[in-house]
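> According to the working numbering, the residues represented by the sequence shown are 3 to 304, in order.
Built from N, CA and C at the ideal position, the CB exists for glycine as well.
Just dropping this structure here.
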Amino acid sequence: MPIRVENDLPARAVLESENIFMMGEMRASMQRVRPLNIIILNLMPVKQDYETQLLRALSNTPLQINVTYLNVTSHQSKNTPASHINQFYTTFPHVREDFYDGMIITGAPVEDLEFEQVEYWEELKEIMDWTKNHVTSTFHICWGAMAGLYYHFGIPKMQFAQKLSGIYLHHTLDRCEPLVRSFDDVFYAPHSRYSGVDRQAVLDDSRLQLLAESKEAGVYLVKSRDGRQVFLFGHPEYDRMSLDAEYNRDIKKGIEIAPPIHYYENDDPQVTPLLTWRCHANMLYTNWLNFYVYQVTPYRFS
């Protein structure tokens, strides 16, 4: 997909080295198409790394995409330089009157807190309420999925006794839904979280559909019946070494934690892990962009 990316964004050089089709601003302006406008609320601590991962996952359709990065004003990032945020990110007051074809709300390392204890919770609630009338479809990831299910449907998160981390086998449940079109019966995807949601609570809400799950990792993919909200509890957009980086970060912090399961060959952290989920990630994000954004979004917003 020709993703329209600012020339100075660090992710651009990384993706071009991987032969991902990136489109410069000048070339994009010459194409006579109406690009999809996607806004990403990036709550991850190291924003540059996650920008690359998401752009890679969005790179497999023929659609042209404009990406806007959104940052909360009620929290100051400690792991991303202020210069990067000031150059590439905007804030909610600047986009409040705008309309977007799609939105992504990422995860965040705040799972040990109740939602109301998160310092930007009130701002996030305002943004999630705004999506109801200003975004065609919103894609929530990991903690963002828990926050979305709690805000929109009243489903609370459940805290785990220990971190769920590794590569897990999943089962596709409803093959008639476009979001899982062309999924295999079983597929692998990474998880990295300390909490989740109750499967039965999802099934009991007639407004929701459970589309994929794992016997080990639990609920994986949920959508609202109208397709306006998608909730993803794993991280298929992660690259090969993402879980390795998180594991080593936790070890350096003195956290007693087991290596991610089903990740390293023979459970040896010294071995480079195999990449077993990239095809699934490409299909998931492509299906969302095509069937829940491009096919239903209006040509002109009003």
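Quick one, which of Val-221, Asp-186, Pro-95, Val-97 has its alpha-carbon nearest Trp-145's?
Along the sequence shown, one-based indexing puts residue 145 at 143. Among Val-221, Asp-186, Pro-95, Val-97, the Cα nearest to that of Trp-145 belongs to Val-221.
> Pick helix, strand or coil for Glu-53, following the three-state DSSP scheme.
Within the sequence shown, residue 53 is the residue found at index 51, counting from 1. Helix, per DSSP.
> Using the DSSP secondary-structure output, state which residues sit across from Tyr-71 in a beta bridge.
For this step, residue 71 is matched to residue 69 along the sequence shown. Per DSSP, Ile-42, Tyr-91.
> Quick check on the burial criterion: 16 or more other C-beta atoms within 10 angstroms. Buried or exposed for Pro-275?
Here residue 275 corresponds to residue number 273 of the sequence shown, with the count starting at 1. Result: buried.
> Could you tell me which of Arg-177, Gln-55, Asp-51, Arg-98 sits nearest to Met-130, measuring between CA atoms?
As a working note, residue 130 is residue 128 in the sequence shown. Considering only alpha carbons, the answer is Arg-98.
> Please report how far the alpha carbon of His-282 lies from the alpha carbon of Gly-168, in whole angstroms.
As a first step, residue 282 must be located in the sequence shown, where it is residue number 280. As a first step, residue 168 must be located in the sequence shown, where it is residue number 166. The alpha-carbon atoms of His-282 and Gly-168 are separated by roughly 16 Å.
> Drop a sphere of 10 angstroms on the beta-carbon of Gly-256, count the other beta-carbons inside from all chains shown, and report buried for 16 or more, exposed for fewer.
If you number the sequence shown from 1, residue 256 lands on position 254. So Gly-256 ends up on the exposed side.
> Looking at C-alpha atoms only, which residue of Phe-117, Pro-300, Arg-195 is the closest neighbour of Leu-1?
Here the chain comprises residues numbered 3 to 304, so residue 1 is not present and cannot be evaluated.
> Would you list, in sequence order, the uninterrupted alpha helix (DSSP H) runs of no fewer than 4 residues that lie entirely inside the stretch 167 to 210?
Counting whole runs of 4 or more residues, the stretch 167 to 210 contains the alpha helix (DSSP H) stretches 201 to 206.
> Does the structure place the stretch 77 to 88 close enough to the stretch 42 to 55 that three or more beta carbon pairs sit under 8 Å?
Result yes; three or more Cβ-Cβ pairs closer than 8 Å.
> Note down, in chain order, each residue of its chain lying with its Cβ closer than 8 Å to the Cβ of His-154, except the 5 sequence neighbours on either side.
Translated into the one-based positions of the sequence shown, residue 154 becomes position 152. Only Met-130, Ser-226, Gln-231 meet the Cβ criterion.
> Quick test of the definition: if touching needs 3 or more C-beta pairs under 8 Å, does the stretch 152 to 166 touch the stretch 180 to 198?
The stretch 152 to 166 is in contact with the stretch 180 to 198.
> Short check: CB of Ser-295 to CB of Asp-103, under 8 Å?
By one-based count along the sequence shown, residue 295 stands at place 293. By one-based count along the sequence shown, residue 103 stands at place 101. Per the sequence shown, residue 295 should be read as Val rather than Ser. Their beta carbons are under 8 Å apart, which means Val-295 touches Asp-103 by this criterion.
> Going by Cα to Cα distance, which pick from His-193, Val-224, Pro-192 is closest to Asp-207?
Stepping through the sequence shown from its first residue, residue 207 is reached at position 205. Taking only the C-alpha atoms, the option nearest Asp-207 is Val-224.
> Determine the contact status of Met-285 and Phe-185, defining contact as a CB-CB distance below 8 Å.
Start at 1 with the first residue of the sequence shown, and residue 285 comes out as number 283. Start at 1 with the first residue of the sequence shown, and residue 185 comes out as number 183. The answer is yes: Cβ separation under 8 Å.
> Compare the C-alpha of Thr-93 against each of Gln-55, Gly-109, Glu-125 and name the closest.
Along the sequence shown, one-based indexing puts residue 93 at 91. Ranking Gln-55, Gly-109, Glu-125 by Cα distance to Thr-93 puts Glu-125 first.
> Out of curiosity, what's the CA-to-CA distance linking Val-273 and Met-243?
Position 271 of the sequence shown, counting from 1, holds the residue named residue 273. Position 241 of the sequence shown, counting from 1, holds the residue named residue 243. Distance between the alpha carbons of Val-273 and Met-243: 11 Å.
> Given this structure, state the Cα-to-Cα distance separating Asn-292 from Leu-60, to the nearest angstrom.
In the sequence shown, residue 292 corresponds to position 290, counting from 1. In the sequence shown, residue 60 corresponds to position 58, counting from 1. Near 11 Å, if we compare the C-alpha coordinates of Leu-60 and Asn-292.
> For the alpha helix (DSSP H) that contains Leu-126, what are its first and last residues?
As a working note, residue 126 is residue 124 in the sequence shown. Leu-126 -> alpha helix (DSSP H) spans 123 to 136.
> For Met-243, does the three-state DSSP call read helix, strand or coil?
Position 241 of the sequence shown holds residue 243. Three-state result, Met-243: coil.
> Compute the distance between the beta-carbons of Glu-239 and Gln-119, then report whether it is under 8 Å.
Counted from its first residue, the sequence shown places residue 239 at position 237. Counted from its first residue, the sequence shown places residue 119 at position 117. Contact: no.
> Hey, how far is the Cα of Pro-111 from the Cα of Glu-248?
On the sequence shown, residue 111 is found 109 positions in, with the first residue counted as 1. On the sequence shown, residue 248 is found 246 positions in, with the first residue counted as 1. In a straight line, the C-alpha of Pro-111 is about 11 Å away from that of Glu-248.
> Measuring alpha carbon to alpha carbon, tell me which of Tyr-301, Arg-280, Phe-303, Gln-297 ends up nearest Asn-62.
Your numbering for residue 62 matches position 60 in the sequence shown. Minimum Cα distance to Asn-62 is reached at Arg-280.
> Whose C-alpha, out of Leu-115, Glu-267, Ala-260, Pro-83, is nearest the C-alpha of Pro-158?
Position 156 of the sequence shown holds residue 158. The option with the nearest alpha carbon to Pro-158 is Leu-115.
> Can the beta-carbon of Pro-95 be found closer than 8 Å to that of Gln-66?
Here residue 95 is taken as the residue at index 93 of the sequence shown, counted from 1. Here residue 66 is taken as the residue at index 64 of the sequence shown, counted from 1. No, these two residues do not count as a Cβ contact at 8 Å.
> Can you give me the C-alpha to C-alpha distance between Phe-235 and Met-148, rounded to a whole angstrom?
Mapped onto the sequence shown, residue 235 falls at position 233. Mapped onto the sequence shown, residue 148 falls at position 146. Whole-angstrom Cα-Cα distance: 8 Å.
> Going by DSSP, what residue range makes up the beta strand (DSSP E) through Gly-104?
On the sequence shown, residue 104 is found 102 positions in, with the first residue counted as 1. Note, Gly-104: beta strand (DSSP E), 102 to 107.
> Do Ile-107 and Gly-156 have their C-beta atoms within less than 8 Å of each other?
Along the sequence shown, one-based indexing puts residue 107 at 105. Along the sequence shown, one-based indexing puts residue 156 at 154. Not in contact: Ile-107 and Gly-156 (Cβ atoms no closer than 8 Å).
> Nearest CA to the CA of Tyr-301: which residue from Thr-138, Tyr-287, Asp-51?
Taking the sequence shown and counting its residues from 1, the one referred to as residue 301 is at position 299. Selected option, being the one with the closest Cα: Thr-138.
> Starting from Ala-214, follow its DSSP beta bridges and name the residues at the other end.
For the purposes of this step, residue 214 is taken as the residue at position 212 of the sequence shown. DSSP output for Ala-214 lists Thr-174, Leu-223 as bridge partner(s).
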